[in-house]
Every structure is written in C-alpha cells, then in structure tokens.
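For the sequence shown, our numbering begins at 1114 and goes up steadily by one.
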Amino acid sequence: MTDEPLVLGIETSCDETGVGIVRGTTLLADAVASSVDEHARFGGVVPEVASRAHLEAMVPTIDRALKEAGVSARDLDGIAVTAGPGLAGALLVGVSAAKAYAYALGKPLYGVNHLASHICVDQLEHGALPEPTMALLVSGGHSSLLLSSDITSDVRPMGATIDDAAGEAFDKIARVLNLGFPGGPVIDRYAREGDPDAIAFPRGLTGPRDPAYDFSFSGLKTAVARWIEAKRAAGEEVPVRDVAASFQEAVVDVLTRKAVRACKDEGVDHLMIGGGVAANSRLRALAQERCEAAGIRLRVPRPKLCTDNGAMVAALGAEMVARGRSASSWDLSADSSLPVTDPHVPGSFGDESQGHGHGHGHDHVHEVSKENLYS
Ligand code: KG4
Ligand code: ZN
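Rendered as structure tokens:
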C-alpha cells in the first residue's frame, strides 16, 4: 500500500474538459473531451459554447477517468480543480462539479492555478521538480518566465509578454494563412517542410536596452500579416511553408534565448517548458540544443501533457496534499484573472470552513496532510 495521495483533477478553463487521476507523481488516467471542433468555424473559442460542452462532458469524463485508473471515487484523497485563470463561465462548471463531488464524497477540495499546473505536470513525466526550477510557460493566453522554489506556494514572475501570448500569435498567423484553428499544431506541421531562414521576421524585445525577460509578439504578428498581404496584393503565391517556418523560428528563437539567459543569470541549472506551445516540435528541439550548449537540463513533458488536460491539475493537487497545504473552503470561486503568483486558492474562509456541518468524514478536512489522511 502506497502512502502517496490519490487525487482527481478537473480542468475546464478553456475548451478542453480534462479529468486526470494521479497517485503522487504517477499518472493513472488522463481523460480529455474537447469542444475544439465546435469552435473551429468561429476561428476562436466561443465561451458559451465551451461552458455548455463542459456541462455535457463532465460526468462522462469523470466516469471514464475513474474507469481508466481502475479506482473508486471513494478511494480518492482529494479533488483538485482549476480555479483560474481562464474563461469565467467555463471555470465555473469545473469548480461547481469539483465541489459537488467533494461534498458528496466527503473529500477535501483543492482550488489550484492553471498556470502552476502546467508546470507541475512535468512531475508525472520526469519526477519531482528540482527546487528552484525556471519555467517557460507558453500557452494560448500566457507567455511567462517563472522561477519557482515550491510549486505549491512560490511562483515568482521574471518576465512576461507585454502584448500577445505566443500561442495567440500562432493562432492569429494561422488564421491569416487560412489554416484553421487552433493554429499551433498546423503551423508546426507546415513549418517542417519550410525554410526557417526564408524570411527575416523581427525578434521582439531583443535590443540591448529592452527588458531581458519580457516578450512581445504583436510586432511580429503585424510584420508577418503585412508580408503576406503584400504578396497577395502583388498577385504572387504565398509560400505558406516558408512563412510558417520563418514565423515559428522568430517565436522560438526569442523564447529559448530569453529562457536560457534567465537560467544563467539566476544560476538555475534546470529549465522546464510547459503550456500548449511547449508541444511545438521546433521549440522543443531548439530548447534542447541551447540548453545542452549552456549546461542546463531541459524538462518538457510529452505533447499531450503540454496542452490543457486534467492530469496537470491532479498533479498539482497531489503535491498540495503531499505538502500538507490546507484544503480550499466551500465558497471557492472561479477567478478568471487569477494571478500566476497564487498556485493555491484557499477560498475566502481560508482554512476554517471545510467540515462545517457536513456530517462525518469531514472532520480532518481543514488540515489535510499525509499523516492524517493515512492514519
Ligand atoms: O495550454 P493550452 O492548451 O491552453 C491555454 O491554456 O491557453 O495552449 C493552447 C495554445 C494554442 O494557442 C495553440 O495554438 C498552442 O497552444 N499550441 C501550439 C502547438 N500545440 C498547441 N503552438 C505551437 N505549436 C504546437 N505544436
Ligand atoms: Zn493551458
């Protein structure tokens, strides 16, 4: 019998209904239902459509995850849920479901941060995160360099995008090229057959006086769109593969350059890359090359764990339990703009509230630790 916490995680911040189950740092189930096809014709995620899809997918996806893991809901040591950041209505479906299951089963509830989850998920792939870890977090809504000495309590922003997120730039350029939504995977595919040096697109915020760890992708996006428009206006064919490869190179060149520099400046010998854009094949290859040259160990989870999923939420929830973090109170709410510096969301009653009048099984809930869970 292992003493590692068995945790179910629920993720509904955007268009994926993710339910994962982990035991400590071991992945047992990763069930995802995506509504991406329902959004494709709009060229982006439609919040109301996402919320309704989460509602419909929630119970079947939880059942599927439990079956895949071969565990019973009664055996869980906690239920973790993304409390933010993300789409308010979509988050609310996950938070409500997590509360309902936690309350009905008599289990502690953990509200966690989506961004910290994108980092913590790597524990399922490569074991415990070194402390400190430098993390390059690149998704559809965020692009940040974060330094963390404890993923459940200490996430320090070193730099972030001042305009668009990296994933957003991929999505926008794919739209201009009429390649559909989401743009990252399809640009990644086209770029493999293109020349990354064909067109010299700008590298944002890389001048000597620019902030060392901040990013900007809006100038690049405009430059690429203008280049394409000029070709079309001249009646020339747009070399889609070369544009995709040259654009992608501009993004990953800046991301990896700044991440390696931050590691060197801070004396950190591990770099973790997480978030949907970390699935990008060229980002993974260039990061590997540059980290090796700088003597830095690179950790990137497999692509399926980079894009949104429930296992990452379960991974952070399990870490919360293992480190004895307090459970969230029953008034936990969804916070669409939850700051990256709050990995753990206690709810407004703090440690006091869980266990008030919910019958047996809740007495220990407000001070969960490995010891009292398994005693
Ligand atoms: O983390 P994620 O799944 O959702 C958010 O939290 O935003 O990230 C989604 C983003 C989208 O912008 C998508 O285009 C991008 O990740 N993405 C990629 C790749 N796969 C997904 N970007 C570049 N290359 C990929 N292979
Ligand atoms: Zn994400």
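For every residue, glycine included, the Cβ atom is placed at its ideal position computed from N, Cα and C.
{"Check": "With 16 other Cβ atoms within 10 Å as the buried cut-off, status of Arg1412", "Outcome": "buried"}
{"Check": "Contact set for Ala1357: own chain, Cβ-Cβ below 6 Å, skip 5 residues either direction", "Outcome": "Ile1300, Tyr1303, Ala1304 and Gly1307"}
{"Check": "Every unbroken alpha helix (DSSP H) inside the stretch 1121–1165 [4 residues or more]", "Outcome": "1149–1153"}
{"Check": "Around the ligand ZN, Cβ to any heavy atom closer than 6 Å, ordered along the chain", "Outcome": "His1227, His1231, Ser1252, Gly1388, Gly1389 and Asp1421"}
{"Check": "Local Cβ density within 10 Å of Asn1291, reported as buried at 16 or more and exposed below that", "Outcome": "exposed"}
{"Check": "Rounded distance between the beta-carbons of Ile1312 and Trp1340, thought under 8 Å", "Outcome": "6 Å"}
{"Check": "Val1268 burial status per 10 Å Cβ neighbour count (16 or more: buried)", "Outcome": "buried"}
{"Check": "For Met1385: DSSP bridge partner residues", "Outcome": "Ala1248 and Arg1412"}
{"Check": "Inter-stretch contact (C-beta, 8 Å, three-pair minimum) for the stretch 1248–1265 and the stretch 1453–1461", "Outcome": "yes"}
{"Check": "Three-state class that DSSP yields for Ser1466 in the structure shown", "Outcome": "Confidence at Ser1466 is low in this model, with a pLDDT of 48, below 50, so the placement of that residue is unreliable and no value is reported for it."}
{"Check": "Residue nearest to Ala1325 in terms of C-alpha spacing, selected from Leu1399, Asp1128 and Ile1275", "Outcome": "Ile1275"}
{"Check": "Leu1222: first and last residue of the uninterrupted alpha helix (DSSP H) it sits in", "Outcome": "Taken as a continuous stretch (DSSP letters only), Leu1222 belongs to no alpha helix (DSSP H), being part of the beta strand (DSSP E) at Leu1222 to Asn1226."}
{"Check": "For Gly1253, three-class secondary structure by DSSP", "Outcome": "coil"}
{"Check": "Three-state secondary structure (DSSP) of Pro1270", "Outcome": "strand"}
{"Check": "Whole runs of the beta strand (DSSP E) within the stretch 1407–1456, excluding any shorter than 3 residues", "Outcome": "1410–1412"}
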